[in-house]
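Numbers given in this note's numbering equal positions in the sequence shown, counted from 1, plus 2.
Heads up, the thing below is written out as structure tokens.
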Amino acid sequence: MHTPTLTSRIHLPEFRGPGKRSYTRSFRSTTANRGYFVTLSSSDIGPELKVAVDKFIAENKIVVFMKGSKDAPRCGFSSTVVQIFTSMNVPFETVDILDDDGLRAGMKIYSNWPTFPQVYIDGNFYGGCDICIGIPPSTFAK
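Structure below.
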């Protein structure tokens, strides 16, 4: 049985460049079950994706772009990052980059980092799994 969920949506204007096919896909915040819908070009990041990602990262203290979700990580590195933040008992949002090839490719351009997970803390790119392993708990002290 499908249970309806409430979602808030960001839908940006469609971007079309010369010879570029456009399409709409979504990425979902798994913690709050909020849907963020982004229209982007299949061949580049496009300004719409940048604006949507900037906004999402600014609205959340910790964001992890990863393979899978915090409830069901789909790679060992993503699972490790989830375990790190869960063990520190800090709230964080996850975005499953496997849901959309355009988002996955776009995030590599956005961060200038080729692998996942990609962790953003306080609006800034922090690093991947290897960097997160060394995060001191005092980083999140209030």
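We treat Cβ as the ideally placed atom computed from N, Cα and C, and that holds for glycine.
Query: Start and end residues, beta strand (DSSP E) containing Met-68; Result: 64-68
Query: Rounded Cβ spacing between Phe-58 and Val-92 (contact assumed at less than 8 angstroms); Result: 17 angstroms between Cβ atoms; not a contact.
Query: N-terminal and C-terminal residue of the alpha helix (DSSP H) that Thr-96 is part of; Result: Per DSSP, Thr-96 belongs to no alpha helix (DSSP H); it is in the beta strand (DSSP E), 95-98.
Query: Backbone secondary structure at Val-92 - three-state DSSP; Result: coil
Query: 8 angstroms CB neighbourhood of Gly-136 in its chain, flanking five on each side removed; Result: none
Query: Cβ-based neighbour list, Pro-6, same chain, cut-off 8 angstroms, excluding 5 preceding and 5 following; Result: Reliability fails at Pro-6, whose pLDDT of 29 lies under 50, so the model's placement of it is uncertain and no value is given.
Query: Start and end residues, beta strand (DSSP E) containing Phe-127; Result: 126-129
Query: C-alpha gap between Cys-77 and Ile-123, whole angstroms; Result: 21 angstroms
Query: Residue range of the beta strand (DSSP E) that includes Ile-111; Result: From DSSP, Ile-111 is part of no beta strand (DSSP E) but of the alpha helix (DSSP H) over 103-113.
Query: Per-residue burial, Ile-133 [other beta carbons within 10 Å of its own, 16 or more giving buried]; Result: exposed
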